[in-house]
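Below is one structure, written out as C-alpha cells, with a few remarks after it.
Residue numbers (the working numbering): 65 to 187.
Structure, rendered in C-alpha cells:
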C-alpha cells in the first residue's frame with residue numbers, strides 16, 4: 065500500500081515514515097525543492113517528490129498511485145518567512161487540495177498545538 069506524507073521533513077514527519085516503512089508500506093514524501101532537511105531521511109527506503117503543497121499539479125503528481133495521505137505539511141514558524149496569506153494557503157489550502165484529489169480514500173490530518181495571536185490589525 066502506498067502512503068504520501070506531506071511535511072515529511074518537518075518536526076514529526078520522519079517518525080511515521082520510519083514506522084510505515086518498517087510495517088511494509090511504500091512511502092512517498094512531498095518536499096519543497098532544495099529542502100535542507102531531507103538528509104535525515106536518507107536511511108529510509110522512501111521516494112521524495114519535490115513540489116509545493118499549494119500547487120494542485122505538484123500535489124496531483126505526488127499523489128499518483130497513492131492510497132493513503134498522512135498530512136503533516138504546515139507552516140508554523142512564529143515570526144518566520146510566511147505572511148498571513150501564506151499560512152492560510154499552506155495550512156488550509158494544502159489540506160483541501162489533498163482531500164479533493166483523494167476522494168473516497170483514507171486521509172489523516174495531524175496537527176500540533178498552535179497559538180494564534182490576535183491584534184486589532186489581525187481580527
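We treat Cβ as the ideally placed atom computed from N, Cα and C, and that holds for glycine.
{"Check": "Determine, using beta carbons only, whether residue 68 and residue 104 come nearer to each other than 8 Å.", "Outcome": "no"}
{"Check": "Using DSSP bridges, identify the partner residues of residue 114.", "Outcome": "95"}
{"Check": "I need the straight-line Cα distance from residue 107 to residue 153, nearest angstrom please.", "Outcome": "31 Å"}
{"Check": "Run through the DSSP bridge pairs and tell me what residue 90 is partnered with.", "Outcome": "66"}
{"Check": "Which class does residue 85 belong to by DSSP, given the choice of helix, strand or coil?", "Outcome": "helix"}
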